[in-house]
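Following numbering that gives the first Met the number 0, the residues of the sequence shown are numbered contiguously, the last one being 97.
Just so it is clear, CB atoms sit at the ideal spot from N, CA and C, and this is done for glycine as well.
Here the structure comes first, spelled out in structure tokens, and everything after it is commentary.
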Amino acid sequence: MSEKYTPSSALLSALEELDRLRDLVKEQTKAVHKEVANDLTANPELTNADVAEHEKIPYTQETVRKIAREYDVPRKRKPTVRSIRPDKWVGKRKGPAG
Numbered sequence: 000m001s002e003k004y005t006p007s008s009a010l011l012s013a014l015e016e017l018d019r020l021r022d023l024v025k026e027q028t029k030a031v032h033k034e035v036a037n038d039l040t041a042n043p044e045l046t047n048a049d050v051a052e053h054e055k056i057p058y059t060q061e062t063v064r065k066i067a068r069e070y071d072v073p074r075k076r077k078p079t080v081r082s083i084r085p086d087k088w089v090g091k092r093k094g095p096a097g
């Protein structure tokens, strides 16, 4: 660090304001995410794609999906992918009796 330079009080003040605004943006982003999750929960027919396609929503479908998972929004349909390992299948047993 150089001892030759001391930031002006105006610069330090501007940096403090920038930090304050960054914190405010983080808080507001959390509030928006919570409301996205609330909308998905309150409207069971609403899909992640429906939300993402709205002109005022700045998120992709994948981001909406991540928000839904973060807030434990119930899935609209059961997962269609399963493990390739038979011992991981639900309701199946290992061995010859399986």
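TODO: Take A9 and list the residues in its own chain whose beta-carbon comes closer than 7 Å to its own, dropping the five residues that flank it on each side.
DONE: Taking C-beta separations shorter than 7 Å and ignoring five residues to either side along the sequence, A9 has no partners in its chain.
| query | If you measure from the beta carbon of P73 to each beta carbon in chain D, is any gap under 8 Å? | reply | Reference to chain D is not applicable here, since this structure consists of a single protein chain.
Chain-order list of residues whose beta-carbon lies under 8 Å from that of L45 (same chain, five-residue window excluded)
Answer for L45: D38 and L39, listed in chain order.
Where V50 falls, given that 16 or more other Cβ within 10 Å makes a residue buried = Around the beta carbon of V50, 16 or more other beta carbons sit within 10 angstroms, so the residue counts as buried.
| message | Please return the same chain residues whose Cβ sits closer than 7 Å to the Cβ of A67, not counting the five positions on each side in sequence. | response | Excluding residues within five positions, the ones whose Cβ falls inside 7 Å are A36, L39 and N47.
Expected contact under 8 Å - CB spacing of Y145 and K33 to nearest Å
Residue 145 lies beyond the residue range present for the chain, which begins at 0 and ends at 97; the question has no answer from this structure.
My parser needs the alpha helix (DSSP H) runs of 4 or more residues fully inside the segment 33-65; what are they?
DSSP runs (the alpha helix (DSSP H)) wholly in the segment 33-65: 47-52.
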